[in-house]
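Be aware that the sequence shown starts at 1, since it is given in full-length UniProt numbering, and climbs by one per residue.
Where a beta carbon is used, it is the ideal one built from N, C-alpha and C, also for glycine.
Source: prediction; values computed, not measured.
Comments concern the structure below.
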Amino acid sequence: MCEISNCCETESRKNLVTEQRQSIPSLLEPAPYWSSSAVVHTKIEEISLNDYKGKYLILLFYPQDFTFVCPTELIQFSERIKEFRSLDSEVVAVSTDSIYTHYVWITTPRKQGGLGQMNIPFLSDKSHKISRDYGVLNENTGTALRALFVIDDKQIIRQVSLNDCMVARSVDEALRLIQASQFVDQYGDVCPVGPKIPRKKSVPDPKKYEEYFNT
């Protein structure tokens with residue numbers, strides 16, 4: 001008999017193969033609007049996509065509260081929120097759990113299986129509308145897939161990624177995606193691969209490639 005945390009994520013993974021196909025919003029198109037209750041620190045508040053106009057937003061879908069993989073990544077995103085805010089960006093976590101389940105998970109100490117104090121909002125998608133609008137709802141289980149959306153300051157979708165629900169996401173990569181998108185915003189130019197974002201524009205002239213890569 002497996003623990004409930006592992007069972008939830010394993011079942012979600014099994015059911016994914018037969019789940020109803022949905023349409024994920026297209027890149028460089030407006031992000032679907034959402035508004036719902038969220039636990040912000042330890043208070044229940046109404047928040048919406050409009051609250052994040054003018055900032056970059058990481059919309060972090062995850063399968064379920066009180067599971068195993070989810071808290072490992074959510075705690076990391078929360079503990080490094082200052083790094084996101086230094087890029088004028090925010091992080092919002094979303095699942096189909098009720099607002100009261102979110103509240104209990106956040107107010108339960110980590111030593112007792114909860115999250116403890118968190119620095120990011122936890123949005124409740126109890127109606128499944130948000131997950132369905134973003135194309136990440138597992139219709140068989142009623143839970144969200146492990147998906148990440150980067151939404152820019154104009155509320156345009158710049159990045160979409162979907163993980164196997166058993167595999168956590170990288171905070172470093174999420175930060176890099178924001179930096180790369182902001183580089184494109186600033187320079188109107190492609191952003192080369194690498195762990196660090198370049199401080200200068202690339203060179204479209206093939207004759208100058210050698211000079212560019214040697215500096």
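Below 8 angstroms, enough C-beta pairs join the stretch 22-37 and the stretch 121-141 to call them touching: three or more.
Contact check for residue 97 against residue 124 passes: the beta carbons are separated by less than 8 angstroms. Secondary structure at residue 43: strand, using DSSP grouped into helix, strand and coil. Between residue 90 and residue 55 a beta carbon distance of about 6 angstroms is seen, short of the 8 angstroms cut, so the two are scored as contacting. Of all C-beta pairs linking the stretch 45-52 to the stretch 62-74, fewer than three are shorter than 8 angstroms, placing the two stretches out of contact. The beta-carbon distance between residue 120 and residue 151, rounded to whole angstroms, is 15 angstroms. This is too long to meet the 8 angstroms contact definition.
A residue is called buried once 16 or more other Cβ atoms fall within 10 Å of its Cβ, and residue 185, having fewer, is exposed. When DSSP states are grouped into helix, strand and coil, residue 179 belongs to the helix group.
Between residue 129 and the set 101, 174 and 144, the nearest pair of CA atoms involves 144. By the C-beta density criterion, residue 63 is buried, having at least 16 other C-beta atoms within 10 angstroms. Secondary structure note for residue 89: its beta strand (DSSP E) is the uninterrupted segment 89-95.
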